[in-house]
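**Q** Under the working numbering, residues 96 to 271 are what the sequence shown spells out, in order. Glycine included, C-beta positions come from ideal geometry on N, C-alpha and C. This is the structure I want to talk about, given as structure tokens.
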Amino acid sequence: MRRTSRSTAKKRKVPENLQDLAAWLYTDLLLGLAVAFVGAGTFLVYDRTTKSSPGDTPVVLTYQLSCDEVSLVVPATIGTGALNNRVVTAINDAAVARSWKEPKPGLLYIYGGAGGADVGVGSRLAKRFDSSTAANAKSLANVEKQFGGDKSLPTNQVKLNLYVVYKGDETKNGCK
96 MRRTSRSTAK
106 KRKVPENLQD
116 LAAWLYTDLL
126 LGLAVAFVGA
136 GTFLVYDRTT
146 KSSPGDTPVV
156 LTYQLSCDEV
166 SLVVPATIGT
176 GALNNRVVTA
186 INDAAVARSW
196 KEPKPGLLYI
206 YGGAGGADVG
216 VGSRLAKRFD
226 SSTAANAKSL
236 ANVEKQFGGD
246 KSLPTNQVKL
256 NLYVVYKGDE
266 TKNGCK
């Protein structure tokens with residue numbers, strides 16, 4: 096049986112163990128924080144700018160990763176500024192066509208042209224293209240990148256497959 100550090104009725108003048116007091120204090124603080132977070136989680140926050148007819152449940156717009164790819168084929172010698180403009184234009188065109196809000200690139204597959212040779216040739220070209228051009232493009236700054244080779248492309252071209260992160264309805268992400 097555990098011995099308590101509390102003083103008995105006969106020895107009221109002896110102070111309690113300070114470690115026990117500190118443990119109970121931290122326990123009470125954690126319990127208070129738990130109650131506060133549970134209470135805060137009960138409130139429903141939704142976007143008041145979403146217009147709907149009376150009686151409809153408002154749709155909360157969240158960030159989604161699109162399953163539809165935005166593809167670009169560019170020359171391997173394209174400049175950073177021109178690449179940036181092509182990427183922004185392609186993403187905005189896809190966003191308008193699919194009613195996406197706040198689109199930005201999320202995942203980028205870079206395929207270097209292998210010219211019918213081994214895909215390793217294209218993969219090396221893709222990595223070179225990334226270090227020389229794509230890594231410096233402002234629109235591709237925070238993008239997750241993967242590299243590969245494409246036998247159907249000539250060695251002077253690079254294919255970019257972008258998957259867009261957007262704010263919108265999850266049913267419009269192209270995933271089936």
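Can you tell me whether DSSP reads T157 as helix, strand or coil?
**A** Correct three-state label for T157: strand.
**Q** So the candidates are G210, K196 and A129; which of them puts its Cα closest to the Cα of V155?
**A** That would be K196, whose Cα lies nearest to the Cα of V155.
**Q** Just checking my contact of G243 with G217 at CB under 8 angstroms: how many whole Å lie between their CB atoms?
**A** Rounded, the Cβ-Cβ distance is 7 angstroms, consistent with contact.
**Q** If you run the structure through DSSP and keep just helix, strand and coil, what is D263?
**A** The sequence shown places Gly at residue 263, rather than the Asp named in the question. In this structure, G263 counts as strand in the three-state DSSP scheme.
**Q** Below 8 angstroms, how does it come out for the segment 203–215 and the segment 240–259: are there three or more Cβ pairs, yes or no?
**A** Because the criterion of three Cβ pairs below 8 angstroms is met, the segment 203–215 and the segment 240–259 touch.
**Q** For L257, count the other beta carbons within 10 Å of its own beta carbon; 16 or more makes it buried, fewer makes it exposed. Which is it?
**A** L257 comes out buried.
**Q** Going straight from the alpha carbon of N231 to that of S166, what length do you get?
**A** About 19 angstroms.
**Q** Buried or exposed for A189, going by 16 or more other Cβ atoms inside 10 Å?
**A** Label assigned to A189: buried.
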